[in-house]
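Below is one structure, written out as structure tokens; comments come after it.
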Amino acid sequence: MATYFNPDDMAFYSSELYSNIPSQAVPLSDEQYITLLNGQSQGKQIIADKTGKPVLIDPQPSAAHVLNLDTLTWEISSEKQTALFAQQKESLLNKLADKADQLKNGLLAGYPQTEIESFYRQEKEALAWQANHNTPTPMLSQISRVRGVPLEMLIEKVIEKSAQFAVAIGIIIGQRQAFEDRLLALKTPEELTSLEQEIEQWQFQTN
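In the working numbering, the protein residues as written are 23 to 229.
Okay, here's the thing in structure tokens:
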């Protein structure tokens, strides 16, 4: 049994299975065939060199890279490199936004969605009552009644928690914007990789 490699369709043909082997197909020894399959299973890519013979190379790094058949290496033009870098920065910008949302959601862990949606109304009623004790507080009054907590004490707690949450959100927003400023100023892929690692390790801290 003989094995052939066809550079036109990048496929292997066995004389035992195919009666019509493409005329341009290159014959391979058993050792060559096994070497190619082993390399492919280890993440290498099989391509045809300038003579049509199969060789193993590293996978294409990105869609912007083009194979140089003279050196059998992947290359990228400065124009494509610029476009790829801009795309990578945009992707990291989206990842940064997602990370900020994750940190914010971590602050709200344990609260039901119904209560989260009421925070703005609670704060609005509390601040209005603080400014004028005659201001109606329909939501807080009911919470106070059912919970069995004095309205004045509840309002104090609402304002306190609201201020704490505002500080925490301010820290997250400020850090996200600081990362964004650095991201937009990046010049090299190495700087991008380093910043991406920082963003992945970002954790909420109060100082």
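Backbone N, C-alpha and C define an ideal beta-carbon position, used for all residues, glycine too.
Rounded to a whole number of angstroms, what is the C-alpha to C-alpha distance between ASP123 and ALA188? Straight-line Cα distance between these residues: approximately 15 Å.
One question on the structure: do THR159 and GLU147 come within less than 7 Å of each other, judged by their Cβ atoms? In contact: THR159 and GLU147 (Cβ atoms closer than 7 Å).
Rounded straight-line distance, which links the Cα of GLU222 to that of GLN46: About 50 Å.
Just the Cα atoms here: how many angstroms apart are LEU173 and ALA150? Their Cα atoms are separated by approximately 13 Å.
Per DSSP, which one or two residues make a beta bridge with ASP49? Note that residue 49 is Pro in the sequence shown, not Asp. As DSSP reads the structure, PRO49 sits in a beta bridge with TYR26.
Could you check how far apart the C-beta atoms of THR25 and SER36 are, in whole angstroms? I think they sit under 8 Å. Taking the Cβ atoms as the reference, THR25 lies roughly 6 Å from SER36, within the contact range of under 8 Å.
Under 8 Å, with one C-beta from each stretch per pair, do the segment 164–180 and the segment 190–200 reach the 3-pair mark? Touching, no, given that fewer than three Cβ pairs across the two stretches are closer than 8 Å.
Counting contacts by CB-CB distance shorter than 7 Å, is GLU218 in contact with chain B? No chain B appears in the structure shown, which is made up of a single protein chain.
Which one or two residues does DSSP pair with THR95 in a beta bridge? In the DSSP output, where bridge partners are listed per residue, THR95 has ASN90.
Would you mind stating whether LEU59 and SER84 have Cβ atoms separated by less than 7 Å? Their beta carbons are not under 7 Å apart, which means LEU59 does not touch SER84 by this criterion.
Tell me, to the nearest whole angstrom, how far the beta carbon of ILE79 is from that of GLN67; I am working on the premise that it is less than 8 Å. For a cut-off of 8 Å, the C-beta gap from ILE79 to GLN67 is around 6 Å, short enough to register as a contact.
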